[in-house]
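Taken in order, these protein sequences are the chains called R, A, W and G. Going by the numbering used here, the first residue of the first sequence is number 490, and it counts up by one from there. Going by the numbering used here, the first residue of the second sequence is number 490, and it counts up by one from there. Going by the numbering used here, the first residue of the third sequence is number 490, and it counts up by one from there. Going by the numbering used here, the first residue of the fourth sequence is number 490, and it counts up by one from there.
Protein chains: 4
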Amino acid sequence: MKDGLWFSEKFTDHIEFLYDVRRIIYDGHTEFQHVTIADVMVYGRTLFLDGKMQSAEIDEAVYHETLVHIPMLAHPDPRKVLILGGGEGATLREVLKHNTVERAVMVDIDGELVELCKKELPQWSDGAFDDPRSEVIIGDARKFVEETDEKFDVIISDLTEPLEEGPSRLLFTKEFYTSVRDRLSDNGVLVVQSGSADIYYHEFWVDLVTTLSGIFPTVRPYHTYVFSFNLDWAFTLALKSEDFELPEPPVLEQLLKARGVEKLRFYTPEMHLAMFALPRYLKDDFEKGGRVLTDEEPFIWDA
Amino acid sequence: MKDGLWFSEKFTDHIEFLYDVRRIIYDGHTEFQHVTIADVMVYGRTLFLDGKMQSAEIDEAVYHETLVHIPMLAHPDPRKVLILGGGEGATLREVLKHNTVERAVMVDIDGELVELCKKELPQWSDGAFDDPRSEVIIGDARKFVEETDEKFDVIISDLTEPLEEGPSRLLFTKEFYTSVRDRLSDNGVLVVQSGSADIYYHEFWVDLVTTLSGIFPTVRPYHTYVFSFNLDWAFTLALKSEDFELPEPPVLEQLLKARGVEKLRFYTPEMHLAMFALPRYLKDDFEKGGRVLTDEEPFIWDA
Amino acid sequence: MKDGLWFSEKFTDHIEFLYDVRRIIYDGHTEFQHVTIADVMVYGRTLFLDGKMQSAEIDEAVYHETLVHIPMLAHPDPRKVLILGGGEGATLREVLKHNTVERAVMVDIDGELVELCKKELPQWSDGAFDDPRSEVIIGDARKFVEETDEKFDVIISDLTEPLEEGPSRLLFTKEFYTSVRDRLSDNGVLVVQSGSADIYYHEFWVDLVTTLSGIFPTVRPYHTYVFSFNLDWAFTLALKSEDFELPEPPVLEQLLKARGVEKLRFYTPEMHLAMFALPRYLKDDFEKGGRVLTDEEPFIWDA
Amino acid sequence: MKDGLWFSEKFTDHIEFLYDVRRIIYDGHTEFQHVTIADVMVYGRTLFLDGKMQSAEIDEAVYHETLVHIPMLAHPDPRKVLILGGGEGATLREVLKHNTVERAVMVDIDGELVELCKKELPQWSDGAFDDPRSEVIIGDARKFVEETDEKFDVIISDLTEPLEEGPSRLLFTKEFYTSVRDRLSDNGVLVVQSGSADIYYHEFWVDLVTTLSGIFPTVRPYHTYVFSFNLDWAFTLALKSEDFELPEPPVLEQLLKARGVEKLRFYTPEMHLAMFALPRYLKDDFEKGGRVLTDEEPFIWDA
């Protein structure tokens, strides 16, 4: 362990990860969270929020392509897209790759963070903030969803886990998802980044799938390993439609081409399908089901 | 970080993992390697070889089911199986679940380790060592393969990575795999545990696939996330036959039933297929290809 | 940081020490505390109690010679000595070096620990337990002091810090020290190992000195750096007599010779005097004084 | 261990210290060394050079008062003082407290570091750089000593340990000390900060004392515990005069008063004397003696 700065991140009280920090770019508090941006050995430029690795140069594409292209390709013609959270701008970047998109609205509560990311993580947004189709609204995602009259074809929940004191506490509840559903157009698709998918800890994901299943006719969990999280990561797809079938790779290939989606680093049509396959221990736990998360009893993440 | 014992494992010089040790069961040297067996928080009973987590109670099934059932199901009627390495006995356990098996030979160089595992990790072998179909040979895998006249339907390479001073240095080379191929029956199948599959480090895997492709007509890499390795893990399937197609889930389901394979904790037919899907960065690197590993210039693992 | 076992010890929540463990000798619970005995790089054979380094082969002599010879040399003719705690037997070993001693009683609550130390740390006691002058009583130090009729010339408090749930909670209070004083003969001397003496944390010591000053006419704090504690360490001398002057080195030299005290690794007459010198920040804090510790409001150590 | 930034410092390969970093003030390279300035929990504002804790707000006074007042009080009338190294300006601050001083020259090779310290560690120099008696020369200490014609009453070597690639490699050799001696006035006094004094590692100190003893008629090692170094720290006093006796505390008290030395946080006349007392294991090793360090075979610090 070289002398000097390391970033420590615990996964439960019993596992510590230590990352070798090459250079601190920014370390401070916004109104909402503690932000560290650093150049980290192996990971490259990295963003940490409240002490948790959020995205890293080496593989932010894995997370963002998985979060975005699965729901975008589940909709026949996504024109209007809403992103909840997504401060780094990489979710927006992937959304805008689909040439069907006419309008992409991103609502993030932390304006200081968005500015920091524009400045220090420019390759994440890669010009997306300047795209005329983009609108960035600094404000509370819940308030926006409850007050807007607009309808969206795809809604992407790219929010941090619901920490006790964090800004996302009431953004993973039955009440909130009911409002979200009402903001989706007829064939609308929702995706929710859903935390850890691993064998030790997937309770939050099971609860989310249970909660969403009470509101949407079609709910499909999917997952992929993210190197910089040291974990298998969970996502949940929810559709207003009852009809859902995973398209075959050649169809996906054609669709990507038609929409002009390029510069993919992780996503392949084969991986698209593969991510919906579940290990037995997850299948079993999804069958048992979890708890419906409500405003009164939300999930509190304590990792 | 609680006061007391922790196990430290580095992944390159720049990332440290620290695990909270509840109880040391064994810590010492055999003739070939340093062995630590401990009860570790979150992971349960855990085996470390030369300072690297080898298998943990919480998810040893993920690794062992993946290593075994993919090749076993790629063979129409596996009667004779050879395991190279596999000291814990869990690979043997999974092999014996297939009722087609008439003889399973395991060759491990470290007899002291095998005895330690029998005593301290009994749930790994779960009686497999006492099965009349099993034979355990303490000796060098290379020597055994080169000297035996026997032929096998499935050969499973469950060997530790080729560390500079470790016992597996010459067990991942063109010369060795040529001998291995000659010990396979006509429809014979080889599987090789192939180290890390992740975005940062998969050079060893690419070299292995390149090396095996010069010897076998069909070579297929597959991979899955293993929680206790903190990594996506690589495997390589190699067949003497040119005909290979991944079977559909219902066929796999039926095959498992016919062979009486039970008590699976991770494997599902859907995961079987999913594990062959590759991220773009891996596809690209496999297309470029790697180096042919030879006795003269073997791969030296330095993580 | 090498792969493998390390012992982690925190000093406050903000400083972590990690020690490279070569071999675990014992790790388990007695009725009273968690005990780890290990061979540690640099430190040699080492005893940890409840996660804190207690004594290490490399410098246990520093602590034990300092704890014992200062009070023993402050008494003109120590015949009967009482040790409270002292499980390892090294305090007893140093006491018995003085040929004036006719009887040395050691009262330790943890009989299992005493047996473990005899077996695994034999060089600590170095035969002291077999000396006909020694008597070891397994029991509560407070109960012993309150119930015995015996008087002692020197009483040595070699007790662990008063952790919330630990066995030493009520062994650092006014009530207890009053009983202790009543068990001292006319020129009797008490010494108390008093925890950390360093600039960041010496509150316990200041409170102890204040508490003892209400009971004994002469109270003198002294201190020395202990390598294996990574800290300056505090001791407090308390005398029934009002007359006290530090003897000059030649006098000490002569006294050691007369009493046959040999095999010293740390102690010198010059260090004897030096340990009573105090940095300004300590002098200032002792002048201000602390809190009188009582059974009702004892000191709770939370490091 | 809280999530977030920690500073890791090893003491040999077998002991790691980790410090909880509250805020990074500066982290970068000068021409000569890696500099980190941070607010560290417990320690306050802290300077690290090449990964080693150099001085910390909580106790920089311990080191600097010990380094400066011992030699200054060993000279009857110090008017001209030379500081080698001393980038933070705290050594200069303590020197200027003596109203006898007419001129204080500080020679530090690292001008960028001096500027950083002025800006980010202003309480270290506390105005010393603006004192009309001060002159700061950015340059090589050896070159300065060898080229100047000036004579000094006190010379203070406040240099970092001689790392393989560091700037101090040839500043601890017989050749250099011979030049230093020639720059001292008749009753001149040299002091050398001499690294670790602890039981495990004091070889550098023993070699230094041996080297200086070949050049100066009077050489006296002294030491004190420095909390932020986690170590007992070594200093060596060397005088051109053969007559040397440690003054008694009342004499020192008077001298401090006469010279107007104030605002001391650590130093007391009693500590002055105490620091010259040596544990037996050090006495024994000084008697055996060490190696004479030369330009050809200097000491290379590899901690």
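We treat Cβ as the ideally placed atom computed from N, Cα and C, and that holds for glycine.
Check	Outcome
Minimum Cβ-Cβ distance from residue 595 (chain G) to chain R less than 8 Å	no
Residues near residue 590 (chain A) in its chain [Cβ-Cβ closer than 7 Å; skip 5 each side]	567, 568, 570, 584, 622
Residue 711 (chain W) vs residue 724 (chain W) beta-carbon contact at 8 Å	yes
8 Å Cβ cutoff, residue 434 (chain A) in contact with chain R	There is no way to answer for residue 434 (chain A), as the model of chain A reaches only from 490 to 792.
Beta-carbon gap between residue 533 (chain W) and residue 550 (chain W) smaller than 8 Å	no
Residue 644 (chain G) to residue 653 (chain W) span [Cα, whole Å]	51 Å
CB contact below 8 Å: residue 490 (chain A) versus chain W	yes
Neighbour-count burial assignment, residue 778 (chain W), 16 or more Cβ in a 10 Å radius	exposed
Residue closest to residue 784 (chain G), alpha-carbon to alpha-carbon, out of G:764, G:765, G:661, G:718	G:661
Cross-strand partners of residue 498 (chain G) (DSSP beta bridge)	G:506
Within the stretch 603-639 of chain R, ranges of the alpha helix (DSSP H) (whole runs, at least 4 residues)	611-614, 630-636
Local conformation of residue 559 (chain G) per DSSP, three classes	helix
Residue 700 (chain W), enclosing beta strand (DSSP E) - first and last residue	Element bounds for residue 700 (chain W): not the beta strand (DSSP E) but the alpha helix (DSSP H), 692-702.
Residues of the stretch 735-757 of chain W with Cβ closer than 7 Å to any Cβ of chain G, in chain order	753, 754, 755, 756, 757
Selected residue, minimal CA-CA separation from residue 676 (chain A), among A:526, A:737, A:731	A:731
CB contact below 8 Å: residue 534 (chain W) versus chain A	no
Distance, residue 702 (chain G) Cα to residue 674 (chain G) Cα	18 Å
Interface flag, residue 525 (chain R) vs chain G, CB-CB below 8 Å	yes
Candidates R:603, R:609, R:639, of which the one nearest residue 592 (chain R) by Cα	R:639
Where residue 496 (chain R) meets chain G, residues with beta-carbon distance less than 9 Å	492, 493, 494, 495
Three-state secondary structure assigned by DSSP to residue 590 (chain A)	coil
Unbroken alpha helix (DSSP H) run spanning residue 774 (chain W), endpoints	769-777
C-alpha gap between residue 581 (chain R) and residue 513 (chain R), whole angstroms	26 Å
Distance between beta carbons of residue 542 (chain A) and residue 718 (chain A), contact taken as under 8 Å	6 Å
Per-residue contacts from residue 505 (chain R) into chain G (C-beta, under 7 Å)	490
Coil, strand or helix - residue 677 (chain A) by DSSP	strand
Check whether residue 618 (chain R) and residue 578 (chain R) have beta carbons under 8 Å apart	yes
Local Cβ density within 10 Å of residue 787 (chain R), reported as buried at 16 or more and exposed below that	buried
Three or more C-beta pairs below 8 Å linking the stretch 751-769 of chain R and the stretch 736-743 of chain R	yes
CB contact flag (residue 700 (chain R), residue 781 (chain R), <8 Å)	yes
Closer than 9 Å at the beta carbon, the chain W residues around residue 487 (chain A)	Limits of chain A in this structure are 490 at one end and 792 at the other, which puts residue 487 (chain A) out of reach.
Proximal chain W residues relative to residue 512 (chain A), where beta-carbon distance stays under 7 Å	516
Neighbourhood of residue 804 (chain W) by C-beta distance below 7 Å, restricted to the same chain and skipping five residues each side	In this structure chain W extends from 490 to 792, so residue 804 (chain W) is not present and cannot be described.
Under 8 Å between C-beta atoms of residue 727 (chain G) and residue 705 (chain G)	yes
Cutoff 6 Å; reference residue 535 (chain R); Cβ partners in own chain excluding five residues on either side	527, 529, 545
C-alpha gap between residue 597 (chain G) and residue 609 (chain R), whole angstroms	35 Å
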